[in-house]
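Residue numbers (full-length UniProt numbering): 1 to 420. Take a look at the structure set out below.
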Amino acid sequence: MIALVDCNNFYASCERVFNPAIRNKPVVVLSNNDGCVIARSAESKALGIKMGEPYFMLKEQVKQHGIEVFSSNYTLYGDMSNRVMKTLAEFTPNLEVYSIDESFLDLGHFYSKDLQQYAWEIKNTVFDWTGIPVGIGVAKTKTLAKIANRLAKKSNKANGVLVLQEPEHVKAALERTEVDDIWGIGRQHARFLRNNNITTAYDLTLQNDSWVKKHLTIVGLRLVKELRGEPCLELEEVSSPKKNICTSRSFGSPVKNLCSLEEATALYASKCAYKLRQQGSCASAITVFITTNTFANTKQYYNSRTIQVPTPVNSDLHLIQYASIALKSIYVEGYIYKKCGVIVSDLAPENTMQLSLFDGADTGKHRDLMKTLDNLNGKYGKSMVKSAAQGKKDASWLLKSEQLSPCYTTKLNDVIVARL
DNA sequence: TCTGGGGTCCTAGGACCC
DNA sequence: TCTGGGGTCCTAGGACCC
C-alpha cells in the first residue's frame, strides 16, 4: 500500500506556524513579483479567491475582508518542507519526496498494522512536530493514493485521512472522481474524454486498452492501469539529476536598456551555475531568452539564443560570459522588456567531462575558485561574494517582494528584527 | 500601473545509416 | 500499376505536473 501525504494549503500554513495572530484569518500567498495568488488558506478559498488570480484585481477584497497577504518566501517554505519530510521518513524506510509539499510513502511493510490508525498517527505526528496540517490518502497505486488523498480532504467524514482498500470502496471513489480531477489528466485530455462521454475515473477504467493508448499515449494507458489497481509507477526514492536547469524572473519594473538586462542575465547565469554545481553537472549549451510583457498592449518582442560551448562548464564566470554574448546577439533597442531567463542544457556529470583539445578553459582553477565562493556564500549568506556583472542589490529590475515574512527558521537576524 | 517559475515525458516527422 | 526493410538520432510541439 502507498500513502500520499500532502500538506494543506502549504505556503499559507507555513506563514501561520510562526504567526499565531493570523491563524483564523484568511491568508493568501503571492507568486514571485507579487503577481498573482498561488496559495490560499481555507478561509480565503471560502471567500471565492481563485488560484492564479492577479493580486491587483483583489485589492478591494483584501481591504474588505482583512485578508493577510504575503509575498512568497521560498527560504521559509523550503526549510519547513525539509522538517515535514524528515518527520515522514520516521514512518517508512521507502519514501519519495514528490514536490515541496507532497510525499509518497511505501507502507508495504506494515500490512499487518491497521492502516487507518497508522495514517492518523502520521498525520498527528507531522502536526505536533512541525505545525503543518496534512491530508493522507492510502491505496494500492500512486494514482489511487492521489484520488484517496483528494477525497480525504473533501469529505467531512474522512477528516483528512482515507484508506482505499476494499474493491467496493475503490469503485465508489472512482465513481465520485471526475476525469478532470485525475492526476495526469490535464485540460486537453479531460475535454477529449468528456466529448467521448467518459466523465468519471470509473468510466475511464472500463475503456479498452488499445483505444486508451491510441488517444492518451502510453502515459494514459499506465494511468488507467493504475486506476484499476495495477501498479505501473514506481516509487522514486532517489531523485535523478536534472536534464535542464532554468532560472528566469519577471522584472520588478520595466527594463529598456541593455545594461540592466546584462545584470539580470548575469545573476540568473550564476544561479544556474550554482544549481549545476549542486547536482555535480556541467552544461554544454546555454540559452538566453528575453521577452516583453505579453499582457501589455505594447510592441511585442521575444527572442532566444543558444550557445554551444567547446568544453562543458559550471563556473559562474564562464556561464556569465557566454550568457552575455547570447544576450547581446538578441537584444534590440526600443522595446520594454518584462522578463529574461537563462537555461542550461546538454548536462553531463562534471567528473566524466570531455575536455576540448583546443580550449584553454582553466577548468581546475575555476573549480577551486567556485568551491571557495560557494563556501563563503554558504557561511556568510548568498551573494556575499559575486561577480560584479550582477549589479547592485537595490537594482530596480529586481523582483518585487513587498510583503515578505521573516525567514523564521533560517535567519536569526530576521526574527530579531521581526520581534522588535 | 499591476498577470510566476520551474520541470518531465511522449510522439511525429525529417534526416540519415546500411 | 508497380518502386525494400530495417534501423537511429534529433527536434519541435504538445501534453502533463507542482
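The beta-carbon is built from N, C-alpha and C at its ideal position, and this holds for glycine as well. The structure displayed is predicted, hence computed values, not measured ones.
Nearest to Leu-88 by alpha-carbon distance, out of Leu-233, Ser-155, Asp-6, is Asp-6.
A residue is called buried once 16 or more other Cβ atoms fall within 10 Å of its Cβ, and Asn-33 is buried on that count.
Note that the C-beta distance between Leu-319 and Ile-286 is below 8 Å. Within the same chain, Ile-182, Trp-183, Gly-184, Leu-223, Glu-226, Leu-227, Leu-233 come within 8 Å of Thr-143 by CB-CB distance, once the 5 residues on both sides are set aside. In this structure, the CA atom of Leu-369 is about 10 Å from the CA atom of Asp-316. Only exposed fits Ala-388, as fewer than 16 other CB atoms lie within 10 angstroms of its CB. Within the same chain, Cβ atoms closer than 7 Å to the Cβ of Lys-171 are found at Tyr-202, the five residues on either side in sequence being excluded.
Exposure of Ile-218 is indicated by the presence of fewer than 16 other C-beta atoms within 10 angstroms of its C-beta. Within the same chain, Arg-16 come within 6 Å of Arg-23 by CB-CB distance, once the 5 residues on both sides are set aside. For the pair Val-344 and Leu-276, the CB atoms are nearer than the 8 Å cut-off. Between Lys-339 and Ser-248, the beta carbon gap of about 6 Å places them in contact (Cβ cut-off 8 Å). Sixteen is the threshold: since fewer than 16 other Cβ atoms of the shown chains lie within 10 Å of the Cβ of Lys-371, the residue is exposed. As the crow flies, the alpha-carbon of His-65 is around 11 Å from that of Leu-58. Across the structure, Pro-310 and Lys-140 are spaced so that their CA atoms are roughly 49 Å apart. Between the stretch 41-50 and the stretch 86-101, the count of Cβ pairs shorter than 8 Å is below three; the stretches do not touch. Trp-397 is classed as buried because its beta carbon has at least 16 other beta carbons within 10 Å across all chains shown. Here DSSP, grouped into helix, strand and coil, assigns Val-385 to coil. When rounded, the separation of the alpha-carbon atoms in Lys-154 and Arg-367 is 51 Å.
Put simply, of Lys-328, Tyr-274, Asn-351, Ala-323 the residue whose alpha carbon is nearest the alpha carbon of Asn-377 is Tyr-274. Taking all protein chains shown into account, Gln-308 has fewer than 16 neighbouring C-beta atoms within 10 Å of its C-beta and is therefore exposed. Bounds of the alpha helix (DSSP H) holding Pro-167 are 167-175. Unbroken beta strand (DSSP E) stretches of 3 residues or longer found wholly inside the stretch 233-318: 245-255, 281-292, 302-313, given in chain order. Nearest to Ser-401 by C-alpha distance, out of Ser-44, Ala-269, Ser-71, is Ser-71. When C-alpha distances from Phe-91 are compared across Lys-63, Leu-267, Val-126, Tyr-74, the shortest belongs to Val-126.
Of the other Cβ atoms in all chains shown, 16 or more fall within 10 Å of the Cβ of Asn-9; this residue is therefore buried. Cβ neighbours of Lys-243 within its own chain (closer than 8 Å, five residues either side excluded): Ser-345, Leu-347. Here DSSP, grouped into helix, strand and coil, assigns Pro-20 to helix. Take Glu-43, set aside five residues on each side of it, and the residues of its chain with a beta-carbon closer than 8 Å to its own are Asn-24, Lys-25, Pro-26, Val-27, in chain order.
In the DSSP assignment, Gly-135 falls within the beta strand (DSSP E) that extends over 134-139. The alpha-carbon of Leu-267 is positioned some 14 Å away from that of Ile-290. Its chain contains Thr-130 as the residues whose beta carbon lies nearer than 6 Å to that of Arg-83, once the 5 sequence neighbours on both sides are disregarded; these appear in chain order. Annotation: Ser-239 to Gly-280 spans about 13 Å, alpha carbon to alpha carbon. For Ser-383, the CB contacts under 8 Å within the same chain, skipping 5 residues up- and downstream, are Asn-377, Gln-390, Lys-393 in chain order. Boundaries of the beta strand (DSSP E) around Glu-68: 68-71.
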